[in-house]
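Q:
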Amino acid sequence: LQQPERAGDRAERTPPARAAPSPETLMIAYQRGDTAAATALIRRVSPLLYRLFLADAASRAQAEDLLQETWLRIHRIRHTYRPGAPVMPWAYAIARHIRIDHYRRSSRISAREQSLDYEAVAPVAEPARLEELDALLAPLPAAQREVIEMLKLAGMSLEEVARATSSTVGSVKQKAHRAYRRLRARFKGAPQ
Amino acid sequence: VIDPGAEEALSRMAARPLPPPDAALLERIARILEANVRPVRPLPGQWLLGAQLVLLCATVAVAASAWAGLDGWRSLATWQRLILLAGLVPLAVIVARECVKRWIPGSLPRLGPAAVIAGSCGVLVLLFAVLFRDYRATHFIASGVGCLEQGVLHAIPAAILAALVLRRGFAVRPIAAAVTGGALAGLAGVVFLELHCPNLEAPHQLIWHTAVVPVSALLGALVAASLARLTRR
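Residue numbers (my numbering), protein chains in the order written: chain H, 2 to 193; chain P, 5 to 237.
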């Protein structure tokens, strides 16, 4: 009966050197040309980036396209990561740029083209969750929605959101404050 | 404080796991990247890039004014020269630092693009108000437009050279980056005018010399927007 406790104790005593390398360590190795580090970094970071894309994408396939495009861009500009800086805001900043670029391009195309009925869109993986999210964050403008998603759903700090959105901490605080005010008004049934 | 209902709904959604990306997709991405993984040299530190930008802008301004004539510098008293340098150098350092941050993804900017322009104009207005007390406005428009034109024209080579220094960077918000870069190049134009322009009338300095910064920033934004539209086609 005591065996699991001893196992737990052993796990606690495990030296930190054996712990999985941090994304920052993997990124530095990736910059030095370490292929295994690149693969490990893709496995570590992709779920977080995918989550970001899935919150806004029309379909799972679109989120996957954006993820792939983001990795190609990350690969091309991997020298812009500076050792010592956090990796996630850097990767989020690039992913955000890809996402905005994609939506601008697609809105430009859709404005020129007529809708094609036969072009079926694959359903999103978890429609219930995303519909609920959409319903909750619907009254928010895109910039405020993005800040709330990063703060509340991705669990990022104000500074990380500022780094990821390439804006000041003050601007992030202001957007979050306005978003909270709108959400509060919505939940209390007050007019917008 | 957020509404408890909204807070609870957001927490509930955050706790619910989303499906991970397709493993085959991750394998495919890894294969594509592995084929091209080579060592790369990371960007130099922000302070080094910032120092390069400040030196570059100073070089452009000094070289151009040395060629055009240092009439403005000669007509300034020593105390005016000292105050001018004490105001312009820290301003250029701050703007160059913000400019560098705009070209490195994941950096934490301290000032937004609007704050960079407003702050630069504010410092210049304060500086000129302290330095120049002659409130006559002789040939205000004619000489002013000429100075604005000269300042902006000399900001262009500074902007091009700054873009060369930052060519390995990547601007995730290109227009904000271009506005900040334009403001820095505009400061190079202002330094050129202070060294070259012998008109020490306060209205001329306050309006036309200061205007070089926002006009250069606006031109930077227009160029970035046009390039973005072209690349999206």
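Note that the Cβ used here is the ideal one computed from N, Cα and C, for glycine as well.
For the alpha helix (DSSP H) holding residue 169 of chain H, just list the boundary residues, first then last.
A: Careful: residue 169 of chain H lies outside any alpha helix (DSSP H) and carries neither H nor E.
Q: Closest Cβ-Cβ distance between residue 38 of chain P and chain H: below 7 angstroms?
A: yes
Q: Can you tell me whether residue 212 of chain P is buried or exposed? The criterion is at least 16 other CB atoms within 10 Å of its CB, across all chains shown.
A: buried
Q: Please list, in chain order, the residues of the segment 67-92 of chain H that have any C-beta partner in chain P closer than 9 angstroms.
A: 68, 69, 72, 73, 74, 75, 76, 77, 78, 79, 80, 81, 82, 83, 84, 86, 87, 88, 89, 90, 91, 92
Q: Closest to residue 192 of chain P by CA distance: which of P:99, P:236, P:24 is it?
A: Across the set P:99, P:236, P:24, the C-alpha of P:99 shows the shortest separation from the C-alpha of residue 192 of chain P.
Q: In the DSSP output, what is residue 138 of chain P paired with across the bridge?
A: P:205
Q: Quick check on residue 41 of chain P - is its C-beta less than 7 angstroms from some C-beta in chain H?
A: True, the Cβ-Cβ gap to chain H drops below 7 angstroms.
Q: Return the first residue and the last residue of the alpha helix (DSSP H) that residue 17 of chain P is part of.
A: 8-19
Q: Taking a Cβ distance cut-off of 9 angstroms, strictly less, list which residues of the segment 83-111 of chain P are near chain H, in chain order.
A: 105, 106, 107, 108, 109, 110, 111
Q: Would you mind reading off the limits of the alpha helix (DSSP H) that contains residue 185 of chain P?
A: 178-200
Q: Sort P:82, P:221, P:104, P:166 by Cα distance to residue 51 of chain P and report the nearest one.
A: P:104
Q: What did DSSP end up calling residue 157 of chain H once you bin it into helix, strand or coil?
A: For residue 157 of chain H, the secondary structure class from DSSP, reduced to helix, strand or coil, is coil.
Q: Give a yes or no on whether 7 angstroms exceeds the smallest Cβ distance from residue 188 of chain P to chain H.
A: No, its Cβ sits nowhere closer than 7 angstroms to a Cβ of chain H.
Q: Terminal residues of the continuous alpha helix (DSSP H) containing residue 160 of chain P?
A: 144-169
Q: With DSSP run on the structure shown, which of helix, strand or coil describes residue 121 of chain H?
A: Only weak support exists for where residue 121 of chain H lies, its pLDDT of 42 falling under 50; the coordinates are left without a value.
Q: Counting Cβ pairs closer than 8 angstroms, one from the segment 136-145 of chain P and one from the segment 199-213 of chain P, do we hit at least three?
A: yes
Q: CA-CA distance, residue 14 of chain P and residue 66 of chain P?
A: 57 angstroms
Q: Please list the partners that residue 172 of chain H has in chain P, where partner means a Cβ-to-Cβ separation under 7 angstroms.
A: Those within 7 angstroms of residue 172 of chain H in chain P are 116.
Q: Grouping DSSP H, G and I as helix and E and B as strand, with all else coil, what is residue 174 of chain P?
A: DSSP places residue 174 of chain P in coil when its eight states are reduced to three.
Q: Identify whether residue 35 of chain H lies in helix, strand or coil by the three-state DSSP scheme.
A: coil
Q: Find the residues of chain P that neighbour residue 169 of chain H, judging by a C-beta separation of less than 9 angstroms, and give them in chain order.
A: Contacts between residue 169 of chain H and chain P, judged by CB atoms closer than 9 angstroms, involve 112, 113, 114, 115, 116, 119 in chain order.
Q: For residue 40 of chain H, decide whether its Cβ has a neighbour in chain P, counting only Cβ atoms nearer than 7 angstroms.
A: Chain P contact via Cβ: present.
Q: So the alpha helix (DSSP H) residue 79 of chain P belongs to, where does it begin and stop?
A: Secondary structure note for residue 79 of chain P: its alpha helix (DSSP H) is the uninterrupted segment 75-79.
Q: When you compare only the Cα positions, how much space is there between residue 74 of chain P and residue 31 of chain H?
A: 51 angstroms
Q: Please check the pair residue 116 of chain P and residue 169 of chain H, which I expect to be a contact at CB under 8 angstroms, by giving their CB distance rounded to whole angstroms.
A: About 6 angstroms separates the two Cβ atoms, so the contact holds.
Q: Closer than 8 angstroms between beta carbons: that is the criterion. Which residues of the segment 171-185 of chain P meet it against chain H?
A: 172, 173, 174, 176, 177, 180
Q: Taking only three categories from DSSP, how would you classify residue 60 of chain H?
A: coil
Q: So with Cβ pairs under 7 angstroms, would you call residue 54 of chain H a contact of chain P?
A: Using a CB distance cut-off of 7 angstroms, residue 54 of chain H does not count as an interface residue toward chain P.
Q: What does residue 160 of chain H reach in chain P if we use C-beta pairs closer than 8 angstroms?
A: Neighbours of residue 160 of chain H on chain P, chain order: 112.
Q: The segment 138-149 of chain H: which residues have C-beta closer than 8 angstroms to a C-beta of chain P, in chain order?
A: When CB distances to chain P are screened at a threshold of 8 angstroms, the residues of the segment 138-149 of chain H falling below it are 149, in chain order.
Q: Using a Cβ-Cβ cut-off of 7 angstroms, state whether residue 98 of chain H counts as contacting chain P.
A: yes
Q: When the distance is taken between beta carbons, is residue 164 of chain H closer than 7 angstroms to residue 110 of chain P?
A: yes
Q: Whole angstroms is fine: what's the gap from residue 83 of chain P's alpha carbon to residue 153 of chain P's?
A: 28 angstroms
Q: For residue 183 of chain H, count neighbouring Cβ atoms within 10 angstroms of its own Cβ and tell me buried if that reaches 16, exposed if not.
A: buried
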